[in-house]
Amino acid sequence: MRAAWFEKFGDAADALVIGELEAPVAGPGEVLIRLHASGVNPSDVKKRAGSIPNLLDGGLVISDSDGAGIIEAADYVHPHSCCRRIHVLFAR
546 MRAAWFEKFG
556 DAADALVIGE
566 LEAPVAGPGE
576 VLIRLHASGV
586 NPSDVKKRAG
596 SIPNLLDGGL
606 VISDSDGAGI
616 IEAADYVHPH
626 SCCRRIHVLF
636 AR
């Protein structure tokens, strides 16, 4: 999947990486959303600047506080929700 992420804190020009990553798999109780649009929320900028010091402890961060797309996969999705267009807020 194509993504933008950071592995260190700093300005966008120094910290952001744009490239290809392996697509995630939805775990129990999770859904996988194919994003069609993603905004840059002020909280995303603050995270990249280092406002949460231990944020990078788990590795790279795809900071996407706001987005829109479709439900692509889940361990369970109601038949009326499959492939439905949705808005996401504070996605992980």
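Start counting at 1 in the sequence shown, then tack on 545, and there's your number in my numbering. C-beta atoms are modelled at their ideal positions from N, C-alpha and C, and glycine is treated no differently.
- Shown here, VAL562 sits in a strand according to DSSP, grouped into three states.
- Scanning the segment 556-610 from its first residue to its last, the whole alpha helix (DSSP H) runs of 4-plus residues come out as 557-560 and 587-594.
- Shown here for SER588: same chain residues with a beta carbon closer than 6 Å to its own, the five before and five after excluded, namely SER610 in chain order.
- Excluding the 5 residues flanking it on each side, GLY574 has same chain C-beta neighbours closer than 8 Å at ASP620, in chain order.
- Taking 8 Å as the upper bound for CB-CB distance, ILE631 and ILE615 are in contact here, some 7 Å apart.
- Judged by beta-carbon spacing, ALA571 lies beyond the 8 Å limit of ALA613, meaning their Cβ atoms are not closer than that value.
- Beta-bridge partners of PHE551 (DSSP): LEU561 and VAL606.
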